[in-house]
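Participant:
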Amino acid sequence: MNTLHKTWDLETIFEGGSESEQLHSYVQQTEQEISKLESLVHSFTSPKNTDQTKELSEIVDQIQLVTKRLGEIGAFISCLNAQDVNDKKAGAWQSRQNELSAAFGNLLTEFDQKLVQTDEDVWKSLLKNAPFRQLEFILDERRRAAKDKLELRQESLINDLGIDGYHAWGQMYDAIVGKLDITHEGKTLSVGQASNLLDSSDRAVRKEVFDKLQKTWKAQTDLFSETLNHLSGFRLQTYKYRGWERVLKEPLEYNRMSEKTLNTMWETITKYKKHYLPYLKRKAHMLGLERLSFYDVEAPVGSTEQTMSFQQGAEFITQQFRSFSPKMADFAEMAFERRWIEAEDRSGKRPGGFCTSFPDSEQTRIFMTYSGTPSNVATLAHELGHAYHQHVMDDLPALNQGYAMNVAETASTFAEMIVSDAAVKHAANDTEKLTLLEDKVQRSIAFFMNIHARFLFETRFYEERKKGVVSAERINELMVEAQKEAYEDALDEYDPTFWASKLHFHITDVPFYNFPYTFGYLFSMGIYAKALNSDSNFENDYIALLQDTGRMTTEDLAAKHLGVDLEKPEFWEQALDLCMKDLNDFMELSAK
Numbered sequence: 084m085n086t087l088h089k090t091w092d093l094e095t096i097f098e099g100g101s102e103s104e105q106l107h108s109y110v111q112q113t114e115q116e117i118s119k120l121e122s123l124v125h126s127f128t129s130p131k132n133t134d135q136t137k138e139l140s141e142i143v144d145q146i147q148l149v150t151k152r153l154g155e156i157g158a159f160i161s162c163l164n165a166q167d168v169n170d171k172k173a174g175a176w177q178s179r180q181n182e183l184s185a186a187f188g189n190l191l192t193e194f195d196q197k198l199v200q201t202d203e204d205v206w207k208s209l210l211k212n213a214p215f216r217q218l219e220f221i222l223d224e225r226r227r228a229a230k231d232k233l234e235l236r237q238e239s240l241i242n243d244l245g246i247d248g249y250h251a252w253g254q255m256y257d258a259i260v261g262k263l264d265i266t267h268e269g270k271t272l273s274v275g276q277a278s279n280l281l282d283s284s285d286r287a288v289r290k291e292v293f294d295k296l297q298k299t300w301k302a303q304t305d306l307f308s309e310t311l312n313h314l315s316g317f318r319l320q321t322y323k324y325r326g327w328e329r330v331l332k333e334p335l336e337y338n339r340m341s342e343k344t345l346n347t348m349w350e351t352i353t354k355y356k357k358h359y360l361p362y363l364k365r366k367a368h369m370l371g372l373e374r375l376s377f378y379d380v381e382a383p384v385g386s387t388e389q390t391m392s393f394q395q396g397a398e399f400i401t402q403q404f405r406s407f408s409p410k411m412a413d414f415a416e417m418a419f420e421r422r423w424i425e426a427e428d429r430s431g432k433r434p435g436g437f438c439t440s441f442p443d444s445e446q447t448r449i450f451m452t453y454s455g456t457p458s459n460v461a462t463l464a465h466e467l468g469h470a471y472h473q474h475v476m477d478d479l480p481a482l483n484q485g486y487a488m489n490v491a492e493t494a495s496t497f498a499e500m501i502v503s504d505a506a507v508k509h510a511a512n513d514t515e516k517l518t519l520l521e522d523k524v525q526r527s528i529a530f531f532m533n534i535h536a537r538f539l540f541e542t543r544f545y546e547e548r549k550k551g552v553v554s555a556e557r558i559n560e561l562m563v564e565a566q567k568e569a570y571e572d573a574l575d576e577y578d579p580t581f582w583a584s585k586l587h588f589h590i591t592d593v594p595f596y597n598f599p600y601t602f603g604y605l606f607s608m609g610i611y612a613k614a615l616n617s618d619s620n621f622e623n624d625y626i627a628l629l630q631d632t633g634r635m636t637t638e639d640l641a642a643k644h645l646g647v648d649l650e651k652p653e654f655w656e657q658a659l660d661l662c663m664k665d666l667n668d669f670m671e672l673s674a675k
């Protein structure tokens, strides 16, 4: 592999960053395509017989074209905002994108509601025609969802008001976080850089950084409680007018999964949590503590911190991918060499990591802050898994590429697992192996306890928000209560402002940005087990599964490709038993 750069190349998408003339022209052309769609939708009348396919086919084609173009624009703007939080021009582009998305959303709403007017028998027959056969699931899903919403004018009003209301509160949060920093050892760090130090093996460093971050978040809790209350209030008012009583209705439908599947997953996890309590005690003992505090949970157990340069991390990841899927390895190598990854450790970047797709260019970009820790290597592999998932979807119709977050986390977690397992196998000695094993167990703790705390917090917060504005003090209390329950009250100190520090609670595009992570983790365990025991056909079987993620329910996907029933505990128990192996290996090795 050639010498790699730690900064991404956005010039191959649009030259000139936020001042790009190419972007300006592309947006103008997209506006024209939306206008064309508007004319088609306004003149469209719902089919009365199965021969009326021409108009419907034209609209579907135009929807797919606009979907790709808006995805391209949105991905580029998200990259601009992430790489430089002080890029004001990028913020202006964000507002323009929101306007275009709202206009597109209104047209989709009008189109969907016209589909509802089609007789059921005619509709079912229409979907069997050649132009629509491969889009049957998506079109039928849109029609069913439209039956559950308000009439056109009201839904359009919600979309329009959301630009400077709902979505604006999420943007306000981003803007505030982008300006936050802390000072450590004479250096000014962004909150993303500071958060990386919570992985330090030096408890004094962890505590100092944790306390400084707490102070920073506490100073902003009044502002962040405003953003959280207002965006949740907007969402709840929308649900109220649509007649949706359950807060989980939208996230479950978005993730195409049943509430029974979700409940079964959490219930099974809760039964297994008792096995992790001795681990938390053992880790505390190894760190010389009576009990772990919140900022100790992710601390390495070894006294030395193993690091890999970006080049070394890239080569290690690619090598491990190749043992499972040469195609995935080839893709990762291409992503590194074409500079699709922004990994530089510098101030001015937003915290966190993500992968975003450019559907028109058929490229992806990965964003993170890489400092060489095992956790960074795992995160990089995770995001490359996301990128590969999109890569194998590129040849599908745009409407079939809309896979939900829960299955989106499957490919990423699968990729992360490959690299984590390999790191353990390649450990130089027992000390290194113990550190790497602990990193894997720590990941289970994150999905089973940390994410569970987020889910419990958000569920309860929304129930209280129905009664009125929730104070910052009460939000802190709800956060600690959720953490105590999720961690089985095993910690000495919790993080009351965790809700303020996590972007996920303030994202407006996806409701309940939490449980899909845990789902994806355990679902990928089932895929990983299949990979370990399969023949040479695994690679093609894996690609086939990924390609189906945008065109069937989660339960049907699992039944077709894994032969399991997600509404029953057996699958979740089998996945959790795989996690137990890492836990038991760690406990045995650490007892020596």
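Numbers given in the working numbering equal positions in the sequence shown, counted from 1, plus 83.
Built from N, CA and C at the ideal position, the CB exists for glycine as well.
DSSP state of aspartate 624, grouped into three classes?
Facilitator: Counting from 1 along the sequence shown, the entry for residue 624 is found at position 541. In this structure, aspartate 624 counts as helix in the three-state DSSP scheme.
Participant: Thinking phenylalanine 317 and tyrosine 256 are a contact (beta carbons under 8 Å), I'd like their distance in whole angstroms, please.
Facilitator: As a working mapping, residue 317 is identified with position 234 in the sequence shown. As a working mapping, residue 256 is identified with position 173 in the sequence shown. The C-beta distance from phenylalanine 317 to tyrosine 256 rounds to 14 Å, too long to fall under 8 Å, and the pair is not in contact.
Participant: Count the other CB atoms, across all protein chains shown, that sit within 10 Å of the CB of leucine 360; report buried if there are 16 or more and exposed otherwise.
Facilitator: Within the sequence shown, residue 360 is the residue found at index 277, counting from 1. The residue is exposed, with fewer than 16 neighbouring Cβ atoms inside 10 Å.
Participant: Could you check which residue in Pro480, Glu576, Met411, Ile96 has the C-alpha nearest to that of tyrosine 471?
Facilitator: Indexing the sequence shown from 1 puts residue 471 at position 388. Checking every option, the nearest Cα to that of tyrosine 471 belongs to Met411.
Participant: Between the Cα of glutamine 276 and those of Thr304, Ser406, Asp413, Gly436, spot the shortest distance and give me the residue it belongs to.
Facilitator: For the purposes of this step, residue 276 is identified with residue 193 of the sequence shown, where counting begins at 1. Checked all of Thr304, Ser406, Asp413, Gly436; the closest Cα to glutamine 276 is Gly436.
Participant: Relative to the C-alpha of alanine 498, which residue among Lys567, Ile400, Thr452 is closest?
Facilitator: On the sequence shown, position 415 is the one that residue 498 refers to. That would be Ile400, whose Cα lies nearest to the Cα of alanine 498.
Participant: Hey, is the segment 427-444 in contact with the segment 143-159, meaning 3+ C-beta pairs nearer than 8 Å?
Facilitator: yes
Participant: Who are threonine 271's beta bridge partners in DSSP?
Facilitator: Counting from 1 along the sequence shown, the entry for residue 271 is found at position 188. According to DSSP, which records beta bridges pairwise, threonine 271 is partnered with Thr266.
Participant: Closest to phenylalanine 588 by C-alpha separation, out of Ala397, Thr514, His313, Phe393, would be which residue?
Facilitator: Taking the sequence shown and counting its residues from 1, the one referred to as residue 588 is at position 505. For the set Ala397, Thr514, His313, Phe393, the Cα lying nearest the Cα of phenylalanine 588 is the one of His313.
Participant: Using CA atoms only, rank isn't needed, just tell me which of Lys585, Ser554, Lys550, Ala175 is closest to alanine 536.
Facilitator: In the sequence shown, residue 536 corresponds to position 453, counting from 1. When each option's Cα is compared against that of alanine 536, the closest is Lys585.
Participant: Could you tell me if the beta carbon of alanine 173 falls within a distance shorter than 7 Å of some heavy atom in the ligand PLP?
Facilitator: Here there are no bound small molecules, and the ligand PLP is not part of this structure.
Participant: Could you check which residue in Ser503, Gln105, Glu466, Ala487 has the C-alpha nearest to that of methionine 635?
Facilitator: Looking up residue 635 in the sequence shown gives position 552. It is Ala487.
Participant: Starting from phenylalanine 450, follow the alpha helix (DSSP H) in both directions and report where the run begins and ends.
Facilitator: Translated into the one-based positions of the sequence shown, residue 450 becomes position 367. Not the alpha helix (DSSP H): phenylalanine 450 falls in the beta strand (DSSP E), residues 446-450.
Participant: Is alanine 505 near proline 457, with beta carbons less than 8 Å apart?
Facilitator: Looking up residue 505 in the sequence shown gives position 422. Looking up residue 457 in the sequence shown gives position 374. Proline 457 sits away from alanine 505, with the two beta carbons spaced by 8 Å or more.
Participant: Quick one: complete alpha helix (DSSP H) runs, 4+ long, within the segment 213-260?
Facilitator: 213-216, 219-229, 235-247
Participant: Run through the DSSP bridge pairs and tell me what isoleucine 424 is partnered with.
Facilitator: As a working mapping, residue 424 is identified with position 341 in the sequence shown. The partner list for isoleucine 424 (beta bridge, DSSP) reads Ile449.
Participant: What's the call for histidine 474, buried or exposed, on a 16-neighbour Cβ count within 10 Å?
Facilitator: Indexing the sequence shown from 1 puts residue 474 at position 391. With 16 or more other Cβ atoms within 10 Å, it is buried.
Participant: Return yes when the Cβ of leucine 210 is within less than 8 Å of the Cβ of leucine 198, no when it is not.
Facilitator: By one-based count along the sequence shown, residue 198 stands at place 115. By one-based count along the sequence shown, residue 210 stands at place 127. No. Outside cutoff.
Participant: Assign arginine 421 to one of two classes, buried (16 or more other C-beta atoms within 10 Å of its C-beta) or exposed (fewer than that).
Facilitator: Along the sequence shown, one-based indexing puts residue 421 at 338. Exposed: under 16 other Cβ atoms inside 10 Å.
Participant: Measure the Cβ-Cβ separation of leucine 335 and glutamate 328 and say whether it is below 8 Å.
Facilitator: Here residue 335 refers to the residue found at position 252 of the sequence shown. Here residue 328 refers to the residue found at position 245 of the sequence shown. In this structure, glutamate 328 does not lie closer than 8 Å to leucine 335 by Cβ.
Participant: Could you tell me the boundaries of the alpha helix (DSSP H) in which phenylalanine 437 lies?
Facilitator: Locating residue 437 in the sequence shown gives position 354, where the first residue counts as 1. Careful: phenylalanine 437 lies outside any alpha helix (DSSP H), inside the beta strand (DSSP E) at 437-441.
Participant: Exposed or buried, what is aspartate 522 when buried is set at 16 or more other beta-carbons lying within 10 Å of its beta-carbon?
Facilitator: On the sequence shown, residue 522 is found 439 positions in, with the first residue counted as 1. Buried.
Participant: Report the option in Thr304, Lys364, Lys207 whose CA atom is closest to the CA atom of aspartate 575.
Facilitator: Locating residue 575 in the sequence shown gives position 492, where the first residue counts as 1. The candidate whose alpha carbon is nearest that of aspartate 575 is Lys364.
Participant: Alpha carbon to alpha carbon, how far is glycine 371 from threonine 387? Give it in angstroms, no decimals.
Facilitator: Here the question's residue 387 lines up with position 304 in the sequence shown. Here the question's residue 371 lines up with position 288 in the sequence shown. Note that threonine 387 scores 48 on pLDDT, short of 50, meaning its location in the model is unreliable and no value can be drawn from it.
Participant: Could you check which residue in Leu306, Gly154, Gly99, Tyr604 has the C-alpha nearest to that of lysine 172?
Facilitator: Your numbering for residue 172 matches position 89 in the sequence shown. Comparing Cα-Cα distances from lysine 172 to each of Leu306, Gly154, Gly99, Tyr604, the minimum goes to Gly99.
Participant: Within the same chain, show all residues whose beta-carbon is closer than 6 Å to that of asparagine 483, passing over the 5 residues directly before and after it, in chain order.
Facilitator: In the sequence shown, counting from the first residue as 1, residue 483 sits at position 400. Around asparagine 483: Gly633, Arg634.
Participant: Quick check on DSSP: helix, strand or coil for serine 376?
Facilitator: Counted from its first residue, the sequence shown places residue 376 at position 293. DSSP places serine 376 in strand when its eight states are reduced to three.
Participant: Count the C-beta pairs between the segment 106-121 and the segment 130-139 that are closer than 8 Å, then say yes if the count reaches three, no if not.
Facilitator: Segments in contact, no.
Participant: Here's the rule I'm using: 16 or more other beta-carbon atoms within 10 Å means buried, otherwise exposed. How should arginine 526 be labelled?
Facilitator: For the purposes of this step, residue 526 is taken as the residue at position 443 of the sequence shown. Buried: at least 16 other Cβ atoms inside 10 Å.
Participant: Relative to the C-alpha of lysine 508, which residue among Ser239, Leu123, Glu466, Asp668 is closest?
Facilitator: Position 425 of the sequence shown, counted from the first residue, corresponds to residue 508. For lysine 508, the nearest C-alpha among the options comes from Asp668.
Participant: To the nearest angstrom, report how far apart alanine 565 and lysine 119 are at their CA atoms.
Facilitator: As a first step, residue 565 is located in the sequence shown; it is residue number 482 there, counting from the start. As a first step, residue 119 is located in the sequence shown; it is residue number 36 there, counting from the start. Distance between the alpha carbons of alanine 565 and lysine 119 is about 49 Å.
Participant: Check the C-beta distance from methionine 532 over to alanine 583 and give it rounded, since I have them as a contact under 8 Å.
Facilitator: Taking the sequence shown and counting its residues from 1, one reaches residue 532 at position 449. Taking the sequence shown and counting its residues from 1, one reaches residue 583 at position 500. At roughly 20 Å, the Cβ-Cβ gap does not stay under 8 Å, so methionine 532 and alanine 583 are not in contact.
Participant: Can the beta-carbon of phenylalanine 194 be found closer than 8 Å to that of isoleucine 117?
Facilitator: As a working note, residue 194 is residue 111 in the sequence shown. As a working note, residue 117 is residue 34 in the sequence shown. Cβ distance not < 8 Å, so phenylalanine 194 and isoleucine 117 don't count as in contact.
Participant: According to DSSP, which residues form a beta bridge with glutamate 576?
Facilitator: The count along the sequence shown starts at 1 and reaches residue 576 at position 493. Paired residue(s): Ser376.
Participant: Among Ala461, Ile352, Ala612, Ala382, which one has its Cα closest to the Cα of glutamate 571?
Facilitator: As a first step, residue 571 must be located in the sequence shown, where it is residue number 488. Among Ala461, Ile352, Ala612, Ala382, the Cα nearest to that of glutamate 571 is on Ile352.
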